[in-house]
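To keep things clear, I will list the structure first and then write my remarks on it.
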Amino acid sequence: MNKELYSQFYKTMFKIRTFEKRIEEFSMKGEVPGFVHLYIGEEAIATGVCANLTKNDYIQSTHRGHGHTIAKGAKVDKMMAELFGKRTGYCKGKGGSMHIADFSVGMLGANGIVGGGFTLATGAALAEKIKGTNNVSVVFFGDGASNRGTFHEALNMASVWKLPVVFVCENNEWASTTPYLTTTSVKDISDRAVGYGIPGVIVDGNDVEKVYEESAKAIERARKGEGPSIVEMKTYRIKGHFVGDPEMYRTKDEVKERFELTDPIRRFKEKVLLEGVLSENEINKMEEEIIKEIDDAVKFAMESPFPSEEELFEDLYVD
Amino acid sequence: MREITFAEATLEAMKEEMEKDDTIFIMGEDLARQGGIFGQFKGLPEMFGTERIIDSPISETAIVGAVIGAALAGMRPIADMHFADFMGITMDEIFNQMAKIRYMFGGQTIVPMVIRAPDGLIRSGAAQHSQSIEAWFNGIPGIKVVAPSNPADAKGLLKAAIQSDDPVIFFENKDLYRQSGEVPEDENLIVPIGKAKVVKEGNDVTIVSYSIMMKKALEASEILEKEGYSVEVVDLITLSPFDEETVIESVKKTHRLLIAHEAVKRGGLGGEIAAVIAEKAIDYLDAPIIRVGAKFTPVPFSPTLENAYRPKTIDIVNGIKSMF
């Protein structure tokens, strides 16, 4: 077993969880303004997929995008500042949670429009193909987004031109407040790959190793110029659609039961301890370092200034 | 000076820019094999290959979305909409993605892309292939919208649009494609985005127009000159954000304003221009502002009805006479 890789998995997943918990707290208090969608319970997906990518590869994210951003290598202090609406944030306070991005690491943006990223990721892949690189583009999307027309147009285009783009479905069973099976023609989103003549696989999205291995295959295939794939990660949305969601559509017990079974961090921790890949001490040390990093990020965000009113027109046009 | 058609002028702009910059490519329906329905892409696939002149699926959403994605990945791509009317299919990509990406991501990226959109009436194209929809984009910050009225401007403006680091919508009137005009043989011909042009000076009244209606604005000015009116004609060229200063300066001189466009009058760009003048130069006006535009119906098919719908030279002439 690769100890370094496993440490990286644990650190990334724990960093996302810790970041999200702090953001939840500040969002509830009203210190983080706007709509916030948490990635808690789905950390294994961003972590496992992005571990196969370099910063020259691209990702397109969703409204639930903090986890993808962290996993792709963004800095948590600039993320935190952005979510607090501060001028030191990645988007100088113009984007917030739903529009977090770090172009310097190939994170081309979260998207407030469900299904908004498919065609953009396909275009980034087209650009890399024209340039003749072997960089790939990955688009994360939910079960709900697979009902957008953009999904189908992008899949057809990517397939017919064999573009290096991987469609990573995070099937968390909830399209906002609607159970996906009541609005979706297939149980497995990956079945839709058949219509586009591309591979579609189902993965336990709460098992970071499986996520890493299966997405590696799809990413490798894309790098070799063999075209796109759908990789469907089965997971479950532990938190409400947004922070403050009264969750009238499900019971607390249901969520608790699912989380006990699926929590990707707990599962991974138990496994690596049992197999002796990482020790309790090593894990504690990682956790302490990450908690400090997040605390520092919060401090940075809170101490940073808000944008001034003069900045309203900045970055609207280049010329 | 040599004369070439509007379509040839755009073709020259494409050739010259694509030769200089290999990050430029164009994607759309029926470009490579057909050369574009108005011949505006003829010969480009032979010169640049089908990797850069790309026949896409009939997927307007994916065309514009992919062009945005490619722009984010360092290219300088162009999307051809076939007919401007089809932009409705891809409005989310245009107004929620393309227009906002630079701003909402705090200037981390540029979005250097062009959407080419053939618009306007063309011999009974009917309701879904004839519209002028430029006003839709007037209220969307982050986009630049341009519309040339003659071959020389078509060439210089398309080159400027391709070179621009901002996303540009390039409306090209379908009826203008075949029309010829003088175009200088100059590879550096650039018509700057953001500047209107006073194409004819006068003292009694200002006509602000653009695209195909410029021809009628100039015709009207000639008719009126014969009757003793001195008419100033301003070609807006950039529709959003438009050059307020040039329009205001002209109105301050002439004290009368008529705005003419082929798009429906209601909700058209004329309303915005009139409002700006009302806010900033109302004291200079000696007569009410008049707007000339199409009737408020879908574009009808039958030639008689299409003609009834179309704004005409006589509407401009009569409008101006009513001001005196």
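Quick mapping for you: the protein sequence lines, in order, are chains F and D.
Using the numbering used here, you'd call the opening residue of the first sequence number 71 and step up by one each time.
Using the numbering used here, you'd call the opening residue of the second sequence number 632 and step up by one each time.
All C-beta atoms in this analysis are idealised placements derived from N, C-alpha and C, irrespective of residue type, glycine included.
These numbers were taken from a predicted model, which means no experiment stands behind them.
> Tell me, which residues are paired with F801 (chain D) by DSSP?
Replying inline: D:R747 and D:V777
> Using the C-alpha atoms, what's the distance from K156 (chain F) back to D784 (chain D)?
Replying inline: 43 angstroms
> By the 10 Å Cβ neighbour count, where 16 or more other Cβ atoms means buried, how is N819 (chain D) classified, buried or exposed?
Replying inline: With fewer than 16 other Cβ atoms inside 10 Å of its own Cβ, N819 (chain D) counts as exposed.
> alpha helix (DSSP H) containing T641 (chain D): first to last residue?
Replying inline: F637 to K651
>> Rounded to whole angstroms, what is the Cα-Cα separation between S131 (chain F) and C120 (chain F)?
In response: 12 angstroms
>> Within 9 angstroms of any Cβ in chain D, is that where the Cβ of H169 (chain F) sits?
In response: Chain D contact via Cβ: present.
>> Just verifying my parser: in three-state terms, what is the DSSP assignment at A693 (chain D)?
In response: helix
> Quick check: the region 859 to 873 of chain D against the region 919 to 931 of chain D, are there 3 or more CB pairs under 8 angstroms?
Replying inline: As far as the Cβ criterion goes, the region 859 to 873 of chain D does not touch the region 919 to 931 of chain D, which means the pair count is below three.
> Cβ of K775 (chain D) less than 9 angstroms from any chain F Cβ?
Replying inline: yes
>> Quick check: G137 (chain F) and V281 (chain F), are their CB atoms within less than 9 angstroms of each other?
In response: no
> Could one say the Cβ of Y160 (chain F) lies closer than 9 angstroms to chain D's Cβ atoms, at least one of them?
Replying inline: Closer than 9 angstroms to some Cβ of chain D, the Cβ of Y160 (chain F) qualifies, so yes.
> Can you name the start and end residues of the beta strand (DSSP E) that V236 (chain F) belongs to?
Replying inline: V235 to N241
>> If I follow the unbroken alpha helix (DSSP H) through D946 (chain D), where does it start and stop?
In response: For D946 (chain D), the uninterrupted alpha helix (DSSP H) run begins and ends at T944 to K952, by DSSP.
> Residues of chain F with CB under 7 angstroms from S795 (chain D), in chain order?
Replying inline: D389
> When the Cα of V175 (chain F) is compared with those of F:K341, F:V325, F:I200 and F:G143, which residue comes out closest?
Replying inline: F:G143
> Name the residues in the region 687 to 707 of chain D whose C-beta lies less than 8 angstroms from a C-beta of chain F; which are they?
Replying inline: The region 687 to 707 of chain D vs chain F, Cβ under 8 angstroms: S687, P688, S690, T692, A693, V695, G696, A697, V698, I699, G700, A701, A702, L703, A704, G705 and M706.
> Rounded C-beta distance between V889 (chain D) and V836 (chain D)? I'm assuming under 8 angstroms.
Replying inline: Before going further, note that residue 889 (chain D) is Leu rather than Val in the sequence given. That belief holds up - the Cβ atoms of L889 (chain D) and V836 (chain D) are roughly 7 angstroms apart, short of 8 angstroms.
>> Using a Cβ-Cβ distance cut-off of 9 angstroms, determine whether K142 (chain F) contacts chain D.
In response: no
> Looking only at its own chain, which residues have a Cβ that is under 6 angstroms from the Cβ of T641 (chain D), when we skip the five neighbours before and after it?
Replying inline: Q671, A785 and L789
>> Which same chain residues end up closer than 7 angstroms to F714 (chain D) when comparing Cβ atoms and leaving out the 5 residues on each side of it in sequence?
In response: P749 and H760
>> Check this for me: beta carbons of F96 (chain F) and S374 (chain F), under 9 angstroms apart or not?
In response: no
> How many Å lie between I868 (chain D) and M744 (chain D) at the Cα?
Replying inline: 18 angstroms
>> If we define contact as Cβ-Cβ less than 9 angstroms, is Q671 (chain D) a contact residue for chain F?
In response: no
> If you measure beta-carbon to beta-carbon, which residues of the region 302 to 320 of chain F are closer than 9 angstroms to chain D?
Replying inline: none
>> Counting only Cβ-Cβ distances shorter than 8 angstroms, please list the residues of the region 187 to 206 of chain F near chain D, keeping chain order.
In response: F188, T189, L190, A191, T192, G193, A194, A195, L196, A197, E198, I200 and K201
>> The alpha helix (DSSP H) that contains Q665 (chain D), what's its start and end?
In response: Careful: Q665 (chain D) lies outside any alpha helix (DSSP H) and carries neither H nor E.
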